Amino acid sequence: MAIGLRQHKHSAKKTASRLRRQIRVRKKINGTADRPRLVVTKSSKHLFAQVIDDVAGKTLVSASTMEADLRGAEANKTDKAKTVGGLIADRAKAAGIDSVVFDRAGNKYHGRIAALADAAREGGLGF
1 MAIGLRQHKH SAKKTASRLR RQIRVRKKIN GTADRPRLVV TKSSKHLFAQ VIDDVAGKTL
61 VSASTMEADL RGAEANKTDK AKTVGGLIAD RAKAAGIDSV VFDRAGNKYH GRIAALADAA
121 REGGLGF
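Residues in the sequence shown are numbered consecutively from 1, following UniProt numbering.
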């Protein structure tokens with residue numbers, strides 16, 4: 001499996017470090033039909049979560065803070081991350097997915113990433 005992540009010459013040091021971590025993690029994990037990959041993508045304002053079957057190359061379930069009910073919410077970003085974690089767990093359970101492999105996409109496991117993962121575990125997803 002080829003990992004298609006490129007680091008440009010003038011990338012910021014923080015971005016370059018995240019990409020190195022992402023490549024290191026993606027070498028070891030991949031999603032299958034039995035245990036798909038839960039990947040979390042973070043921007044400065046929003047958080048996106050997808051459950052992906054890497055063998056078929058399909059996104060099975062997704063949730064994000066860009067959805068209409070979460071965009072209008074007056075909560076802080078960590079609370080929104082908890083909501084997204086609960087949504088992704090509910091949608092995955094409805095799709096028949098009980099266990100996933102967690103891919104933090106090179107982000108450090110704290111703050112919003114940890115809040116989303118904890119909420120998904122509380123929602124019934126096994127990591």
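Backbone N, C-alpha and C fix where the C-beta goes; we use that ideal spot for every residue, glycine too.
Keep in mind the model is a prediction, meaning the values are calculated, not measured.
- With respect to VAL51, PRO36 sits close: the two C-beta atoms are nearer than 8 angstroms.
- With respect to the 8 angstroms criterion, GLY72 and ASP53 are not classified as neighbours on the basis of their beta carbons.
- Contact between the segment 56 to 64 and the segment 86 to 99 is established, with three or more Cβ pairs separated by less than 8 angstroms.
- Straight through space, the alpha carbons of LYS13 and ARG91 are spaced by roughly 36 angstroms.
- For the alpha helix (DSSP H) assignment, the uninterrupted runs of no fewer than 4 residues enclosed by the segment 54 to 117 are, from N- to C-terminal side, 68 to 71 and 77 to 94.
- Rounded to whole angstroms, the gap between the alpha carbons of LYS108 and ILE23 is 14 angstroms.
- The beta carbon of LYS93 is closer than 8 angstroms to those of GLY123, GLY124 and LEU125 in its chain, skipping five residues each way along the sequence.
- For the pair LEU116 and VAL40, the CB atoms are nearer than the 8 angstroms cut-off.
- In this structure GLY85 is buried. Its beta-carbon is surrounded by 16 or more other beta-carbon atoms within 10 angstroms.
- Cα atoms of ARG112 and ALA81: separation of roughly 6 angstroms, rounded to the nearest angstrom.
- Among the bridge pairs identified by DSSP, ALA49 is matched with VAL40 and ALA63.
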